[in-house]
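Colleague:
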Ligand SMILES: C[S@@+](CC[C@H](N)C(=O)[O-])C[C@H]1O[C@@H](n2cnc3c(N)ncnc32)[C@H](O)[C@@H]1O
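Residue numbers (our numbering): 698 to 981.
#1: Of all the alpha helix (DSSP H) runs that stay within the bounds of the segment 906–951, which reach a length of 4 or more residues?
#2: Runs of 3 residues minimum, wholly inside the segment 828–911: which ones carry the beta strand (DSSP E) assignment?
#3: Sort 796, 762, 766, 750 by Cα distance to residue 886 and report the nearest one.
#4: Quick one: does residue 935 have its CB under 7 Å from some CB of chain D?
#5: Closest by CA to residue 869, which one among 702, 926, 908?
#6: At what residues does the alpha helix (DSSP H) containing residue 783 begin and finish?
#7: Please tell me whether, using a cut-off of 6 Å, the distance from the CB of residue 867 to the nearest non-hydrogen atom of ligand 1 is below it.
#8: Alpha carbon to alpha carbon, what distance is there between residue 911 and residue 882?
#9: Just grab the DSSP bridge partners of residue 761 for me.
#10: What are the start and end residues of the beta strand (DSSP E) that includes residue 973?
#11: Sorry if obvious, but does the Cβ on residue 792 come closer than 6 Å to a heavy atom of ligand 1?
#12: Counting only the same chain and skipping the five closest in sequence on each side, list residues whose C-beta sits under 6 Å from that of residue 906.
#13: Using the beta-carbon count (16 or more within 10 Å), is residue 717 buried or exposed?
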């Protein structure tokens with residue numbers, strides 16, 4: 698029998714579990730199961746018997762702190778929707794700051810090629826390629842599973858022909874040998890959480906985002922130190938490097954890249970006033 702009193706009960710259960718937007722999330726969970734627009738889900742919506750078990754399964758996952766985008770497998774980022782899974786970091790709104798700056802610089806300078814270090818779901822690189830049809834991109838990630846998700850997203854956005862994906866770690870001794878040429882623009886949102894702090898994050902993050910996407914080593918800066926050694930070799934003269942950074946890392950990151958000869962350009966802040974993106978250039 699169809700159940701037409703699930704909605705309000707679901708809102709209550711999500712609210713009691715501490716979900717901050719229980720009404721919105723109830724709508725999204727139901728809409729996903731019924732394959733309808735979330736805006737069409739109203740309080741008296743009826744769930745047919747064949748969908749009730751699956752909905753309850755998704756609700757249980759949410760009550761166990763799994764983020765809603767991992768449950769429904771989709772997340773909006775910038776203008777687009779990306780497939781997500783336990784294999785990739787869920788795209789974050791603050792990363793749009795890096796993307797918007799990258800789009801602006803690429804357009805202003807007529808850039809032709811770009812590299813993303815730690816491409817994950819592809820939300821940054823693929824949005825860039827989708828926005829700028831003349832641009833070609835390479836996305837590198839140590840996680841093969843993440844690259845599988847990225848490949849599907851590239852196909853969904855229709856940019857797969859302009860996007861090369863490579864499975865490689867920037868800590869590999871032969872990392873530079875995989876590249877045939879330097880790049881106009883490099884973007885990266887590397888793992889930047891101190892190892893000891895990961896389990897202090899919300900459960901939604903540390904239980905469900907891949908550890909390799911979060912772990913920045915003992916001081917949170919290990920990937921930046923490595924990328925700083927590589928970037929001068931990978932960047933063209935007059936090229937730009939854009940990095941997302943964690944809270945309180947600005948000065949250390951600035952020093953690390955200046956030490957390798959890159960020129961500091963600017964810092965961009967998020968809505969909370971936290972330094973989020975640092976821009977460097979190569980001037981020779
Ligand atoms: C914070 S996530 C960013 C993902 C995506 N670019 C975004 O902004 O949503 C960092 C990414 O770097 C990758 N990564 C971590 N260590 C790496 C390494 N040593 N070499 C290459 N990729 C690495 C992770 O697998 C993950 O996909």
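All residues carry an ideal CB built from backbone N, CA and C; glycine is no exception.
Modeller: Put simply:
#1: 908–911, 919–931
#2: 833–838, 860–864, 880–885
#3: 796
#4: Structure shown: chain D not included; a single protein chain is present.
#5: The residue with the shortest Cα to Cα distance from residue 869 is 926.
#6: It is not in any alpha helix (DSSP H) - residue 783 carries neither H nor E in the DSSP assignment.
#7: yes
#8: For residue 882 and residue 911, the distance between alpha carbons rounds to 23 Å.
#9: Partner(s): none; residue 761 has no beta bridge.
#10: 972–978
#11: yes
#12: So the qualifying residues of the chain are 786.
#13: exposed
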